[in-house]
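Okay, so here's the structure we're looking at.
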Amino acid sequence: MDEEEGTISSDSTTKQRKPLGWKAMPYLLANETLERLATFGLMSNFMVYMVREYHMDQVQAATLINTWSALTNFAPIIGALISDSYTGKFNTIVFGSIAELLGMLVLTFTSLIPNLRPPPCISDQITGKCIRYSDSQLYFLLSGLFLLSVGTGGIRSCSVPFSLDQFDDSTEEGREGSRSFFSWYYTTHTIVQLVSMTLVLYVQNNISWAIGFAIPTFLNLVALVLLFMGTRFYVFVKPEVSVFSGIFMVLVAAYKKRNLRSPSEIDNYRPLLETNSQLHKLGPTDQFRFLNKAAIVMSNDEAENKEWRICTVKQIEDIKSILSIIPIFASSIIGFLAMNQQQTFTVSQALKTDLRFPGTSYLIPPASITVISLLTIGIWLPFYETVLVRHIENITKQEGGISLLQKVGIGNFFCISTMFISGIVERERRDISLTRVNISVFWLAPQQVLMGFYQVFTIVGLTEFFNKKVPINMRSIGNSLLYLGMSLGSYLSSAMVSIVHSVTARGGRQSWLTDDIDASKLDYFYYFIAGLSTLNFIFFLWCARRYHYRNM
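Per our numbering, the sequence shown starts with residue 22, numbered consecutively.
Structure below.
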C-alpha cells in the first residue's frame, strides 16, 4: 500500500491519514464474523459428516478433527510471523480470506458431487460393511481442510491487530474505541457460535449437507467483498524488518557484550535512540537488564557488522515487552483446560438428565447445553460495555474501569468457581440418578453461566492484553498467543484426562472417568481441576504483580 492509501511509516509512528475508528469496523467485523461462521459451522458438526458420509469410525473421525483443530489453532502463529515481517496485515487477511473461501468451496463440492465421497451406506452384500472412501476422495477432503487452516492462519492472526490500527490511541476517543472494540468483537464471536450451533447445524442434519456448507461459503464470499469495499476507510501499517531478525540482533549484541559493565554503571553511557523517536529518551528500563548491554556503543562497532553489534533502545524494549507477557500467557493455559472440560464432560452429564424443555415435550440436544454460556456472554458484554463500565470508571477513576490484568484475574476466579460448582452439581446428579430419577438438564445451567463469565473477563481481557502490550509491529504475534494457548490447553486437556484415567484405575480400582458416568467419580475430577486452577491463580497473581505496564 502506498502513502496515499493511509500508510503508517515503518520508521515512525506518524500516520499519513487520520484513523477513522468505528467507520472502518463494519467491514472488518463482518469479515471476521463470517469467517468464524464458516469454521464454527463446520467444526460443530463435522464429526457427524465424517461418520455418515465418509463411513469413518469414531476414532478415525475424532483423530482427523483433533489434528485439524490443532493445525488451525497453530496456523495464526505462522500467519503472524509472515504478516509482521513481510506481507503486512491487510494483505495477509486478503490471502487468508481467499484461501478459506477456496477451502469451503472444496468441502461444498464434496457434498454436491457424489464421486467425491463414498456411495451411500448400503452394506456390501459380500462383506456386510459400508464401502470405504478412496485415497483420492480423502485427499480432496484434506485439501479443503488444509485451505481452511491456511485461511484461518491469515485472518485470525491479523484481524484484531489490523482493526486496532484503525484507532488513534493518542486521543481519548481512540483509546475508548479500541478498548470497547474487544467487547463488541467477542460479542459477534458469540453470536456466530449461537448461529452455528443452532441454524447451521439444523440445516446440515435435517435438510442438506450441501446447503449447510453452501451457506457459510456464500457468506465467506460476501465477507471478502465487504473487506475490499472498506479499503477507502483503512489505515495501513507497513511491515518492518523480520521480527525474528530483530529478536536475534538484540540477543547476539547483548551476548557479545556480556562481559561489559551494566549501562547503569557507566557514567557517560549514551544509548542509541531510534531516529525521530520520542520513546525511551531516558534509556532502557531495568527489567531484563542483561539485554541493555546491546545498546552500548563500542569503538570497534563501526568496523564490524553494526546491526549485529549495536541495537536501539526501542529494539531492546520491544523484546522486553514480548518476554514480559510470556508468564501471563503460561498462566492462561490452565484456564483453557477448564474450559475444555465444560465443553466435553458436560455433554456426558446432559445425556444422563431429563432433556425435556420445561412445560413441553421438546428434547434439548445434549450438546446445546453449552449455548447457556454463549447467551451469558451475549447478554453481559453489551450490558457491561454500554452501562456498567461508566459507573466503574467513576469509582476507580481508571480508563475502562479496571486494568486488563485485573479483568483476567476476575476471570480466573470464575474459572475456579465453575469447576467447584460443577463438582457439587455432579455429585448431586449422580446420587439422584442412582435412585432411577433423572434431574432436569438445567441443573447444569449454573456452571455454564459461570463459564460464560470466565470467557467474558479472561478471554476478552487476554485478547486486549496480548494486542496492546506488544509493539505495533508485533501485534499479530501477540494476538496469535491466544490461539496458541487454546491449542496447548486442548493438548493438556487430552493428556490430563488420559493421566487421571490411568492413575485412578490402578490396582483394579474404579477409574474416576469411566464410560458409565453414574459409576465414575467425575466430581473428583472437577475438584482436581479446581485445585489446579487455584494454584494457577496464585501463579497468575505472582506474575501480574511483577508485570510492568509499558506504553507501546
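Where a beta carbon is used, it is the ideal one built from N, C-alpha and C, also for glycine.
All figures in this text were calculated on a predicted structure; none of them were measured in a lab.
Assigned with DSSP and collapsed to three states, L41 falls in coil, not helix or strand. Counting only the Cα atoms, S497 lies some 7 Å from S104. The C-beta distance from G482 to K428 rounds to 4 Å, short enough to fall under 8 Å.
Sorting S438, K490 and D539 by C-alpha distance to the C-alpha of N459 places D539 at the top. About 6 Å separates the beta carbons of T479 and G356, which is inside the 8 Å limit, making them a contact pair.
Where Y160 is concerned, the enclosing alpha helix (DSSP H) starts and stops at D156 to L185. Put simply, the backbone Cα of E74 is about 39 Å away from that of G251.
Rounded to the nearest whole angstrom, the CA to CA distance from Q363 to V318 is 55 Å. Taken in chain order, the unbroken stretches of alpha helix (DSSP H) that lie wholly in the region 243–279 and span 4 residues or more are 264–277. Of the residues assessed, E449 falls on the exposed side of the cut-off, its CB having fewer than 16 other CB atoms within 10 angstroms. Inclusion of G195 and P97 in the CB contact set at 8 Å is not warranted, their separation being larger than that value. One alpha carbon belongs to G499, the other to E414, and they sit about 27 Å apart. The C-alpha of T209 lies about 19 Å from the C-alpha of E121. DSSP links L384 through a beta bridge to R377. Contact between L168 and L123 holds, since their C-beta atoms are separated by about 5 Å, short of 8 Å. In the three-state scheme derived from DSSP, where H, G and I count as helix and E and B as strand, S345 is classed as helix. Looking at the DSSP output, S461 shares a beta bridge with D375. Buried is the label assigned to F366, since at least 16 other Cβ atoms lie within 10 Å of its Cβ. Taking a 10 Å sphere around the C-beta of G399, we find 16 or more other C-beta atoms and assign the residue as buried.
A direct Cα-Cα distance of roughly 15 Å separates L384 from M218.
Looking only at V462, Y475, F202 and M472, the smallest Cα-Cα distance to D375 is reached by V462. The C-alpha of N494 is placed about 9 Å away from the C-alpha of D339. In this structure, the alpha-carbon of F309 lies about 13 Å from that of R279.
For V171, the CB contacts under 6 Å within the same chain, skipping 5 residues up- and downstream, are A120 in chain order. According to the DSSP assignment, L402 belongs to the alpha helix (DSSP H) that extends over V392 to F404.
Scanning its chain for C-beta atoms nearer than 7 Å, with the 5 sequence neighbours on each side dropped, one finds around M517 the residues L358, in chain order. The way I'd put it, the region 541–553 does touch the region 438–453; three or more beta-carbon pairs between them come closer than 8 Å.
Within the model, the alpha-carbon separation for I343 versus L425 is close to 16 Å. Rounded to whole angstroms, the separation of the alpha carbons of N112 and S541 is 51 Å. Spatial neighbours of V392 in its own chain (CB-CB distance under 7 Å, excluding positions within 5 residues in sequence) are listed in chain order as L215 and M218.
Contact annotation, I346 with L312: C-beta distance approximately 15 Å; criterion of less than 8 Å not satisfied. Within the same chain, M71 come within 7 Å of L85 by CB-CB distance, once the 5 residues on both sides are set aside. Inclusion of C436 and Y475 in the CB contact set at 8 Å is warranted, their separation being smaller than that value.
Separation of the CB atoms of I232 and V243 is rounded to 16 Å, and the pair is thereby denied contact status at 8 Å.
Under the 10 Å beta carbon count, L503 is surrounded by 16 or more other beta carbons and is classified as buried. Bounds of the alpha helix (DSSP H) holding W563 are L543 to R567.
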